[in-house]
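Notes follow once the structure below has been shown.
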Amino acid sequence: MPAPNIPQIRLYQNWLREQRGLSFDTYDALWRWSVTDLDAFWQSIWDYMGIVSPTPHTAVLADDRMPGATWFPGAQVNYAREVLRHADAAHAAGMPAIVSDNELGEVREMSWPELRRQVASVALTLKSLGVQRGDRVAAYLPNVPETMVAFLACSSIGAVWSVCAPDMGTAAVVDRFRQIEPRLLIAADGVHYGAKPIDRSAVVQELRDALPSVQKLLLLRTPHAAQQLAADADWQAASARRDAEVAAFEPEWLPFDHPIWIVYSSGTTGLPKPIVHGQGGIIMTMYACGLHNDIGASYGANNFDERFHWYSSTGWVMWNCQLAGLAFGATIVIYDGHPAGSKEKPDWAVLWRFAAKHRISFFGAGAAYFTNCMKAGVVAAECGDLSRVRALGSTGSPLSEEVQRWGTAQLLAAGASSVWWCNISGGTDFCGAFVGGNRELPEVPGQMQCRQIGHAVEAWNEDGKPVIGEVGELVCTRPIPSMPLYFWGDEGNARYLSSYFDTYPGVWRHGDWIRIGEDGGCIIYGRSDATINRQGLRMGTSEIYSAVEALPEVLDSMVVDLEYLGRESYMPLFVVLRPGVALDDAMRSRINNVIKTSLSPRFLPNDIFEVAEIPRTLSGKKQELPIKKLLLGQPLEKVVNPEAMANPGSLGWYVEFAARRAAASQGISSS
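In our numbering, the protein residues as written are 236 to 906.
Here it is as structure tokens:
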């Protein structure tokens with residue numbers, strides 16, 4: 236099939252012209268209207284997407300402030316309704332709802348009527364287990380169809396969903412779930428990941444023991460468990476009902492601001508922040524973002540047979556993005572497993588073969604994934620027929636120009652007629668994207684195409700003034716519907732305010748450096764609290780990584796700028812080198828030269844160290860700020876939670892390095 240005929244954002248603008256008499260000559264004009272007249276814009280999203288409510292809303296934005304904005308008071312919605320309204324039309328067109336695959340090659344297809352039936356069956360089971368509207372349901376589940384059914388069942392009865400991935404250890408999961416006092420735990424007793432079965436039965440039992448609020452356990456039994464756990468209900472039975480009550484089931488109407496789920500910050504210090512989002516806010520922002528991501532209904536002529544995949548674990552907000560494909564009426568294709576097969580025998584072509592096998596049209600992943608594929612020498616043309624892939628999505632960290640050019644060349648060589656990169660940046664905090672793609676705008680490799688409609692994003696300089704063409708703090712100056720309702724258990728909104736509004740009261744400070752160009756294109760330069768400041772010149776760490784990691788000998792890198800009061804800062808660079816490559820004087824010279832020529836001599840590191848691994852979060856982000864704090868003398872337990880990391884074993888080297896530096900510093904000061 237060819238790429239969609241008309242971009243989703245153009246179809247929306249056509250509707251604005253025909254139904255509202257609004258016409259915009261440029262995308263910038265559309266964006267400025269959308270962030271100026273918030274009432275008209277968000278009402279248009281409501282109407283264009285065909286959202287219905289049994290009771291009318293009395294306003295769009297009733298309270299225009301941050302935090303505390305009040306959206307669509309009086310309206311009632313339900314996320315599960317937005318998904319299941321596509322069931323009949325999609326099934327009539329022969330489109331499945333979910334296609335799933337895993338490391339064992341176990342392919343399953345779930346039809347739309349079967350999705351609707353299972354959601355109803357599980358929802359009624361939840362009620363029979365005592366779950367009521369507003370109760371929290373905690374899930375410890377992998378990226379499988381059952382997890383999506385479980386979420387939709389929770390949403391349909393007004394329960395509040397919260398999920399952690401089974402690659403997280405007991406302590407990290409308890410730190411999250413204990414705060415929200417869940418009534419029910421849904422868990423898998425095992426997973427298959429990294430080419431091996433992993434028993435999780437002991438962890439499930441530990442979770443149940445450590446969460447006194449949990450009254451019932453709903454267990455997804457797998458062949459990977461070492462023991463048979465006792466449970467109050469089994470998933471197989473919970474999802475198997477086919478009676479009249481299931482057939483008659485309808486998702487409940489919920490207030491617009493009823494909590495939908497609780498997600499968590501990365502939690503580098505203290506307990507992770509339990510972020511509560513609202514049903515209506517998520518639905519509205521999801522639909523606005525969908526216009527940019529250009530995902531359409533697979534049963535419609537414009538996007539016929541759309542198959543949407545974004546590689547993610549359930550512990551990353553991109554799982555929520557993958558789930559949203561169902562609300563657009565698309566077939567979603569999910570993969571449960573390691574993107575490189577196994578650590579022992581890495582194979583970065585796994586997902587490319589998966590994309591070919593399942594005729595995926597939109598293929599998204601973290602930026603680090605594409606970088607790893609390039610460095611591993613993946614040849615997409617050897618992975619099967621990829622001619623249906625029309626779009627590549629990237630997020631999680633800045634995507635370099637080199638990697639984007641590589642990915643485009645790979646897909647074109649593999650038979651794709653064209654390739655559009657949907658590079659986005661947003662966050663778990665508001666479960667959306669501030670900047671992203673637009674199929675109608677020019678593409679510049681290494682950049683994101685635009686600020687998203689409805690999102691009043693600006694770059695602010697040190698004086699709190701908006702700037703164009705300069706790197707500044709990413710701020711959002713107007714409310715968006717999916718900003719958190721609150722943090723669970725946050726007395727007086729203290730943590731919420733300090734997280735986003737302490738620097739600029741009433742203005743959301745996101746914590747990223749951004750440059751917005753004259754053409755509206757955006758570049759994210761990494762976290763603003765882990766930035767490099769050398770001789771008064773600030774630079775995001777991503778620019779240094781782009782330069783250093785362009786060297787074929789360098790597999791990964793991390794830089795931190797240790798600023799000391801009253802004396803010059805110290806900036807070490809840590810590198811992971813290819814096997815067989817030594818960090819000798821010649822290699823150090825090559826690294827320094829590429830920084831000097833690509834960036835500036837100002838950004839030459841004070842020292843370069845070879846390390847086995849760069850510490851990363853579960854979503855793949857480099858742990859710059861925790862390592863910076865560790866090297867500035869803070870204890871490990873105060874700066875990072877190893878259970879929330881992808882590779883906690885990497886920390887030992889940095890702890891020893893910090894101790895050596897501290898000892899050397901004391902020796903100097905005492906002499």
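Cβ coordinates follow ideal geometry from the N, Cα and C atoms, glycine included.
Query - First through last residue of the alpha helix (DSSP H) which encompasses residue 386 - result: 380 to 392
Between 738, 677, 727, which lies nearest to residue 696 when the distance is taken from Cα to Cα? 738
Taking the alpha carbon of residue 367 as the reference point, which residue from 346, 389, 379, 626 has its own alpha carbon closest? 389
| task | Indicate whether residue 491 and residue 307 have their beta-carbon atoms separated by less than 8 Å. | result | Taking 8 Å as the Cβ cut-off, residue 491 and residue 307 qualify as a contacting pair.
| Start-end ranges of the beta strand (DSSP E) lying completely within the region 389 to 472, minimum 3 residues | 395 to 399, 419 to 423, 425 to 428, 431 to 434, 451 to 455
Q) Touching or not, the region 508 to 528 and the region 269 to 288, by the rule of three or more beta carbon pairs under 8 Å? A) yes
(message) Out of 841, 722, 835, 789, which one is the CA nearest neighbour of residue 804?
(response) 841
**Report entry** The beta strand (DSSP E) enclosing residue 297, as first and last residue numbers
**Finding:** 296 to 298
_Taking the alpha-carbon of residue 263 as reference, which of 826, 676, 358 has the nearest alpha-carbon?_
676
Cβ contact (3+ pairs, closer than 8 Å) linking the region 572 to 587 and the region 830 to 847: no
* To do: Return the CA-CA distance between residue 800 and residue 867, expressed in angstroms with no decimal places.
  => Per-residue confidence for residue 800 stands at a pLDDT of 43, beneath the threshold of 50, marking its modelled position as unreliable; the derived number appears in the next sentence. In a straight line, the C-alpha of residue 800 is about 11 Å away from that of residue 867.
ask   = Count the other CB atoms within 10 Å of the CB of residue 863; is the residue buried (16 or more) or exposed (fewer)?
value = Counting Cβ neighbours within 10 Å, residue 863 comes out buried, since at least 16 surround it.
Q. If we call anything under 8 Å between Cβ atoms a contact, is residue 356 one with residue 523?
A. no
Q: Taking only the alpha-carbon atoms, compute the straight-line gap between residue 616 and residue 576 and give it to the nearest angstrom.
A: 19 Å
Just confirm the distance between the C-beta atoms of residue 541 and residue 430, as a whole number of angstroms; I'd bet it's less than 8 Å.
Not really, about 31 Å apart at Cβ, beyond 8 Å.
| task | Determine the DSSP secondary structure at residue 493, reduced to helix, strand or coil. | result | Three-state DSSP puts residue 493 in coil, outside helix and strand.
Please confirm whether residue 657 and residue 670 have their CB atoms less than 8 Å apart.
no
Should residue 254 be labelled buried (16 or more other beta-carbon atoms within 10 Å of its own) or exposed?
exposed
**Asked** Would you say residue 823 and residue 843 are within 8 Å of each other, going by their C-beta atoms?
**Response** yes
Q.
Does residue 276 come out as helix, strand or coil in the three-state DSSP assignment?
A. helix
| query | Taking the alpha carbon of residue 396 as the point to measure from, which residue in 487, 379, 445, 498 has its own alpha carbon closest? | reply | 498
Using the Cβ count rule (16 or more neighbours within 10 Å means buried), how would you classify residue 820? exposed
Which residue wins for smallest C-alpha separation from residue 496, given the options 760, 857, 666? When the alpha-carbon of residue 496 is set against those of 760, 857, 666, the nearest one is in 666.
- Task: Report the residue from 443, 454, 415 whose alpha carbon sits nearest the alpha carbon of residue 425.
- Result: 454
Start-end ranges of the alpha helix (DSSP H) lying completely within the region 314 to 343, minimum 4 residues
314 to 319, 322 to 327
Margin query: Suppose only complete runs of 3+ residues qualify. What are the beta strand (DSSP E) ranges in the region 614 to 697, listed by chain order?
Written below: 626 to 630, 655 to 658, 660 to 662, 667 to 671, 692 to 695
Alpha carbon to alpha carbon, what distance is there between residue 350 and residue 633?
36 Å
Item checked: residue 845, enclosing beta strand (DSSP E) - first and last residue -> 842 to 845
message: In the DSSP output, which residue or residues are listed as bridge partners for residue 544?
response: 598
Handout entry: Segment limits, alpha helix (DSSP H) that includes residue 791
Key = Not the alpha helix (DSSP H): residue 791 falls in the beta strand (DSSP E), residues 789 to 794.
**Study point:** Classification of residue 555 by the beta-carbon crowding that lies within 10 angstroms, buried from 16 upward
**Key:** buried
For this session: Tell me, to the nearest whole angstrom, how far the beta carbon of residue 860 is from that of residue 764; I am working on the premise that it is less than 8 Å.
Result: 6 Å
Just how far apart, CA to CA, sit residue 713 and residue 301? 8 Å
At what residues does the beta strand (DSSP E) containing residue 372 begin and finish? 371 to 375
Could you check whether residue 718 and residue 304 sit closer than 8 Å to each other, using their CB atoms as the reference points?
yes
If we ignore side chains and look at the alpha-carbon of each, how far apart do residue 710 and residue 692 end up?
-> 6 Å
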